[in-house]
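Asks: The structure is given below, and queries will be raised subsequently.
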Amino acid sequence: MSEDKQALIDDAVDKALAGDMDPINNIEDRVTRSKAKAALVKAKRAKPKTEIKSVASVIHEDSNTKSKDTIEQIVMTSLAKSFSDFLDGEQNSGWIQIKAENWFGIAKWLKENDDLYFDSLQCNTGIDLGEGMLESRYNLHSMKHLHAIEIRIKVSIEKPDIPSVESLWRVADWFERETYDMFGINFTGHRDLRRILLPEDWEGWPLRKDYEEQETYHGIVVPKVKEGWE
Amino acid sequence: MGLLENRFDDNIVVEKLDKLLSWARSTSPWFFQFGTACCAIEMMAAAASRHDLMRIGIIPRSSPRQADVMIVAGTVTMKMALRVKKLYEQMADPKYVVAMGSCATSGGPYWQHGYHVLKGVDLVIPVDVYVPGCPPRPEALIEGLLKLQEQILEGRPLTRKTG
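Quick mapping for you: the protein sequence lines, in order, are chains A and B. Throughout, the numbering used here is defined as the position within the first sequence, counted from one, plus 42. Throughout, the numbering used here is defined as the position within the second sequence, counted from one, plus 18.
As structure tokens, then:
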């Protein structure tokens, strides 16, 4: 390629990077034009991507701290300003363990706060921790700020009541019904808390550690019965 | 009709009515078109053009009232067991059941820990033919249906049963 063509391409690419595509489109020679476009793509790729401004960086700028706080720490510090005595036990950098009583208020705040804006509940699941404790975990995600946190709520197996967030995130309707179905966690305030997978007259909560399957269901034997098959 | 043409003199066939009935039944066991799990895919493949169940007189019907054979294709959960039973009861006599795949025959992979799975559909409805496999190939299902046809052919619907 001759030097003047290369100079033409360089010039056109520089202008295109500044936002003016006309010089490239006005190149008459088809081959040179496509070479210029290829060079433009390469140049754009080499440029560092503009980072999406998340709440983390926003809050950093506000407080002028240079430390790299995780989203969990940021949420915890801002939660502490609005709520008192909401944390439950030891905290880890990966999640926030909160008490069940305040959950609805905190969830509403997490969803509606402009800096956090957790508008999407990605998952709710239950865990039997053993030792008489059940846990419900919520994975929240913000489609505006592209950050995510995990909320954990522990309840005792004798009184497994957790406020329902079904009226905040509509998707929690079926999530909570499934958690109720498998673990028997009672989501108070849920408008339609029924079993979702198992039949309505099923006995017991199958994913609890102490679950024992019922002997018969409508006269049909439930456990394995065909002796001598193994 | 290639089967009967030029086989009988003067177009007279002498046979028991019993046998005629069984023969007629065995050559058109229409099956009830429903699937409970992945075996249904193989059942569909068997009914589709490559394996073509229609050439042995077996075609799917969408209503239990028009069907003679119920192919239980797939895992039957406890919740579904009651429905399967109800569908079986809605079929008109004579009716036959093919348990297709290991789930329908014995509970399959849910045998030991599947609290929610029926350990074989024969706990709920009587089964005529078991087709093993997970899932069985269409050839296996066709083999099972041919076995069912043999069974139907041996049946004597008009003969009074003694004893």
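Ideal Cβ positions, reconstructed from N, Cα and C, are used throughout, including at glycine.
1. Measure from the C-beta of residue 255/A to each C-beta in chain B and report whether the shortest distance is under 8 Å.
2. Answer with yes or no whether the minimum CB distance from residue 262/A to chain B is below 8 Å.
3. Take residue 161/B as the anchor and find which of 105/B, 111/B, 70/B has the nearest alpha-carbon.
4. Since residue 176/A contacts residue 202/A with CB under 8 Å, what's their CB separation in whole angstroms?
5. Beta carbons nearer than 7 Å to chain A: which residues of the segment 83 to 109 of chain B have them?
6. Would you call the segment 105 to 114 of chain B and the segment 127 to 135 of chain B in contact, with 3 or more CB pairs under 8 Å?
7. Mapping DSSP to helix, strand and coil, what is residue 118/B?
8. For residue 113/B, count neighbouring Cβ atoms within 10 angstroms of its own Cβ and tell me buried if that reaches 16, exposed if not.
9. Using the beta-carbon of each residue, which ones in chain B are nearer than 7 Å to residue 259/A?
10. Name the chain A residues that come within less than 8 Å of residue 136/B, Cβ to Cβ?
11. According to DSSP, is residue 196/A part of a helix, a strand, or is it coil?
12. Is residue 206/A helix, strand or coil by DSSP?
13. Under three-state DSSP, which class holds residue 64/B?
14. So, at 6 Å on beta carbons, what are the nonlocal neighbours of residue 167/B in its own chain, with the 5 sequence-adjacent residues on each side left out?
15. Give the residues of chain B in contact with residue 249/A, contact being defined as C-beta atoms less than 7 Å apart.
16. Counting only beta-carbon atoms, is residue 176/A nearer than 8 Å to chain B?
17. Would you mind telling me which residues of chain A sit closer than 9 Å to residue 148/B, beta carbon to beta carbon, in chain order?
18. If you draw a straight line from the C-alpha of residue 104/A to the C-alpha of residue 256/A, how long is it?
19. Should residue 139/B go down as buried or exposed, given a rule of 16 or more other Cβ atoms within 10 Å for buried?
20. Taking 8 Å as the CB-CB cut-off, is residue 142/B touching chain A?
21. Would the beta-carbon of residue 56/B fall within 8 Å of that of residue 150/B?
22. Taking the alpha-carbon positions, what's the residue 145/A to residue 212/A distance?
23. With three or more beta-carbon pairs closer than 8 Å as the criterion, would you say the segment 221 to 231 of chain A touches the segment 170 to 190 of chain A?
24. I'd like to know if residue 121/A contacts chain B, where contact means its C-beta is closer than 8 Å to some C-beta of that chain.
25. Would you please verify whether the beta carbon of residue 114/B is less than 8 Å from any beta carbon of chain A?
26. If you drop the 5 nearest sequence neighbours on each side, which residues of the same chain put their C-beta closer than 6 Å to that of residue 126/B?
27. Note down the Cα distance separating residue 172/A from residue 199/A, rounded to an integer number of angstroms.
28. Assuming residue 172/A is part of the alpha helix (DSSP H), what are its boundary residues?
29. Rounded to whole angstroms, how far is the Cβ of residue 125/A from the Cβ of residue 165/A, which I believe are closer than 8 Å?
Replies: The short version:
1. yes
2. yes
3. 70/B
4. 5 Å
5. 96, 97, 99, 100
6. no
7. strand
8. buried
9. 96
10. 262
11. strand
12. When DSSP states are grouped into helix, strand and coil, residue 206/A belongs to the coil group.
13. Under the three-state reduction of DSSP output, residue 64/B falls in the helix class.
14. Correct list, in chain order: 44.
15. The CB of residue 249/A never comes closer than 7 Å to any CB in chain B; the least such distance is about 10 Å.
16. no
17. Per Cβ cutoff of 9 Å: no residues; residue 148/B is ~13 Å from chain A at best.
18. Note on residue 104/A: pLDDT 49, under 50, position unreliable in the model; the coordinate value appears next. So the two alpha carbons sit approximately 58 Å from each other.
19. With 16 or more Cβ atoms within 10 Å of its Cβ, residue 139/B is classed as buried.
20. yes
21. No; because the gap between Cβ atoms is not below 8 Å, this pair is not in contact.
22. 16 Å
23. yes
24. no
25. no
26. 120
27. 9 Å
28. Per DSSP, residue 172/A belongs to no alpha helix (DSSP H); it is in the beta strand (DSSP E), 162 to 172.
29. About 23 Å separates the two Cβ atoms, so there is no contact after all.
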